[in-house]
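Protein chains in written order, with the working numbering: chain C, 1 to 646; chain U, 647 to 888.
What follows is one structure encoded as structure tokens, with my remarks underneath.
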């Protein structure tokens, strides 16, 4: 193939994935640890003893660092994308991250991570680069173009921030696709479906509902709605808050002062939540610093009562989406469930009720893994963009803009110029004039949202039309064209019609990075010249082999080692020797396979280590002690090329 | 809004240089995509500016053109073709959204014909211009159609009463019933306007130049009334929660 591959990426709140089309079917590309999911966690490694530059790790190993060095780890960064300082400040109440100081109100907020500070798009760029590398390793060829999914209800700034992240990661983002629409594509590929479908997507941090009409391979979105602040994270936070409060009240221990312990408790809360989807009760049994035990049984009934208000918040958007599409629940032929949180039985019951499914003898679609379906759909869209494919040649996605676009009028009210749920690309042309003789500037405030007052909507940008020719008030006639492109991002152009002059527009996005800032944040990376590529992959694989081998050699000193059976220890030895044997050769595939094999052989050991570390963090061991243990552990190394900083 | 082009000026295709009619989105000779032309929404679909439309055929044509024009089909094309695809598809989508809806379609035709109708006379009002939009926040009493003045006044009193009752947390079933009846009445008024509007469509589409002028004026008045009634019905539905 002359042109490079286009991959599909699901950049999720909790997990991220990369997928591509293989022989007419979308498949997820696994990381080197064999896992399809890359946790959306980014950690700054501790500065090494020999004073090397700090490196960034992403995924499973970064997640482990959450307990070890919480001040150097960031997760759920998607919640911060495209948001202003004030919004991020509110958001951070629920997260252990710190805002970097000295940032102006009008600037993109920065998160303090150890000794460095990052904007949310930069953090996302690290996750994207990891996925890019996983794909490159898989193909043995560079990957430069991608389709990235975003929540359907993402606004302009959040979409732009996602695109910026792609650019920083060295990816040409050919299209942003809405997550529920992508899921519909993944399902629609199987058979030629016709009819009206609803996609209910409750992920880690966002909720979307989209209603689509399928006909002759055209996926036409009728309406979309959602909440970019609603997801599994909220459920975790509820459980966590209860545990923290109870521990404080019953045992007089305030764990909130210990970030590591909070993260360990958070992990226990997430485990409990997951167990409650298949079992009737989950248990907390945690040893506290003062030697007490916090023991708590959570019956499913109590859990469901607890999360009811969170789940109820998804009902309003569903009803609004149906109203906007002009359909009743009975007219929806099929419902697709997307996102890990749709595994919760109470969520399924709510969906069943909202769309009257069992009453009509129907069941929601859950055939595709709800964690993977969005990435699979992104791969389908990537194939559509690549063109000339048998599998997708007849498919076309017609999506909509989730929010109305408006202009602030005198008095602070909003004049809507593009209504929500308009098929994109969409445009509107407006005319403006001056109010004072000789006026040469006109300021325009563009907002997104459904409220009547501009102050209640989301400020998108302020445009200053400059260079208006000197004329009496009301005489100039400036035509401004607003265009929302296929990614859901706004473009503006203007010209003065009487003089024929193009009025100059100065765009000041309310939230967002300038082009120049994005340019400066492009991640330092290897030279991507094709001829160097094979050797680069080989070097990366060898480095990775070295780090896993070093970890394995230290393993027997760890107490967890003795919990392994003799067979398990022998299996690790065999896998280690195999990797040692192939490491110096030039066979990249053999090295990668040997790494995966050793990683899998040490998987249980790594888990034992994690459990021990979690327990010790909660028991209130000092951070450094807990850290030391983790450092010596075999932490299943993820595909991690060292990241470098300027 | 789009310029209305009176005479079709032949243009040369950027790719094959063969001259073509300006309102085409593809070169008839080499099939390459063309920059957006000055055609109106009707001409995008190859239609005469008539108000009775076959909606199923409109949808089929919308899908057929989308397949050819959509930016997804030009992801790896040159920069100009990408831009034209974006602009053409925006025009196609704007046109489809406008034409498939009977009220927007009528309003658009009036605009093409230069009729000044209510809120849609958007041009040249400065930053505080009027927009198409719902305009629900604009309740200029002078714009209440004279025959409705009394009915609307009563209704607004009741809506306000209901709002107060709701705030106090109690509900008056009698008031609810009365509001429900009022809603039925206004629904019927809306239906009557829609019927009258369709009758004017027939006059317009018949194409008799002498009859068209009064038809336009009648439609402009009907649209104003329809928009006003629509807002009233929306407010009642909102307070009744239906």
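Glycine is no exception: its CB is placed at the ideal position from the N, C-alpha and C atoms.
Output the distance between the C-alpha atoms of residue i and residue j, rounded to the nearest integer angstrom.
i             : j             : result
residue 387/C : residue 10/C  : 21 Å
residue 878/U : residue 805/U : 10 Å
residue 38/C  : residue 142/C : 19 Å
residue 358/C : residue 238/C : 30 Å
residue 772/U : residue 758/U : With a pLDDT of only 38 at residue 772/U, under 50, the local geometry of the prediction cannot be trusted, and the value read off the model is given with reservation. Answer to the nearest angstrom: the Cα atoms are 22 Å apart.
residue 439/C : residue 871/U : 38 Å
residue 328/C : residue 334/C : 13 Å
residue 78/C  : residue 205/C : 8 Å
residue 159/C : residue 339/C : 20 Å
residue 722/U : residue 385/C : 8 Å
residue 433/C : residue 460/C : 22 Å
residue 425/C : residue 712/U : 11 Å
residue 408/C : residue 732/U : 26 Å
residue 528/C : residue 171/C : Only weak support exists for where residue 528/C lies, its pLDDT of 41 falling under 50; the coordinates are left without a value.
residue 551/C : residue 34/C  : 18 Å
residue 512/C : residue 368/C : 35 Å
residue 136/C : residue 886/U : 58 Å
residue 672/U : residue 422/C : 24 Å
residue 153/C : residue 62/C  : 29 Å
residue 169/C : residue 41/C  : 16 Å
residue 319/C : residue 420/C : 15 Å
residue 298/C : residue 307/C : 12 Å
residue 829/U : residue 821/U : 12 Å
residue 860/U : residue 884/U : 36 Å
residue 401/C : residue 174/C : 18 Å
residue 484/C : residue 718/U : 15 Å
residue 801/U : residue 456/C : 29 Å
residue 293/C : residue 286/C : 5 Å
residue 98/C  : residue 113/C : 8 Å
residue 812/U : residue 451/C : 22 Å
residue 847/U : residue 708/U : 23 Å
residue 321/C : residue 92/C  : 30 Å
residue 866/U : residue 853/U : 18 Å
residue 849/U : residue 697/U : 10 Å
For residue i, tell me which candidate among the options has the shortest Cα-Cα distance.
i             : options                       : result
residue 140/C : 254/C, 368/C, 24/C and 5/C    : 5/C
residue 429/C : 482/C, 380/C and 473/C        : 482/C
residue 475/C : 361/C, 179/C, 447/C and 435/C : 435/C
residue 389/C : 17/C, 14/C, 336/C and 21/C    : 21/C
residue 480/C : 551/C, 491/C, 313/C and 470/C : 491/C
residue 752/U : 662/U, 717/U, 687/U and 658/U : 687/U
residue 572/C : 458/C, 549/C and 558/C        : 549/C
residue 605/C : 106/C, 568/C and 296/C        : 568/C
residue 330/C : 403/C, 181/C, 211/C and 313/C : 211/C
residue 464/C : 457/C, 451/C, 313/C and 441/C : 441/C
residue 561/C : 596/C, 601/C, 261/C and 537/C : 601/C
residue 736/U : 487/C, 578/C and 575/C        : 487/C
residue 603/C : 564/C, 180/C and 449/C        : 564/C
residue 470/C : 165/C, 101/C and 498/C        : 498/C
residue 273/C : 121/C, 341/C and 222/C        : 341/C
residue 178/C : 134/C, 44/C and 399/C         : 399/C
Any idea which residues DSSP pairs residue i with across the strands?
i             : result
residue 481/C : 429/C and 493/C
residue 22/C  : 25/C
residue 116/C : 113/C
residue 150/C : 178/C
residue 671/C : With chain C represented from 1 up to 646, any question about residue 671/C goes unanswered, as that position is not in the structure.
residue 294/C : 286/C
residue 658/U : 665/U
residue 689/U : Per DSSP, none; premise fails for residue 689/U.
So residue i and residue j are supposed to be a Cβ contact under 8 Å. How far apart are they, rounded?
i             : j             : result
residue 208/C : residue 151/C : 5 Å
residue 882/U : residue 825/U : 6 Å
residue 29/C  : residue 74/C  : The Cβ separation is near 24 Å, so there is no contact.
Regarding residue i and the ligand NAP, is the C-beta to nearest heavy atom distance less than 7 Å?
i             : result
residue 448/C : The ligand NAP is absent from the structure shown, which contains no ligand whatsoever.
Could you tell me whether the segment 211–230 of chain C touches the segment 238–256 of chain C, where touching means 3 or more Cβ pairs closer than 8 Å? Contact between the segment 211–230 of chain C and the segment 238–256 of chain C is not established, with fewer than three Cβ pairs separated by less than 8 Å.
When the Cβ atoms of the segment 210–222 of chain C are set against those of the segment 346–360 of chain C, are three or more pairs found closer than 8 Å? As far as the Cβ criterion goes, the segment 210–222 of chain C does not touch the segment 346–360 of chain C, which means the pair count is below three.
Given 8 Å as the limit, is there contact between the segment 372–386 of chain C and the segment 170–186 of chain C, that is, 3 or more CB pairs closer than that? Yes, since at least three Cβ pairs between the segment 372–386 of chain C and the segment 170–186 of chain C fall closer than 8 Å, the two stretches touch.
Cβ pair count under 8 Å reaching 3, the segment 59–75 of chain C against the segment 83–91 of chain C: Contact fails between the segment 59–75 of chain C and the segment 83–91 of chain C, because fewer than three Cβ pairs, one in each stretch, are under 8 Å apart.
Validate contact between the segment 678–692 of chain U and the segment 738–749 of chain U using beta carbons, cut 8 Å, 3 pairs: Touching, per the Cβ criterion.
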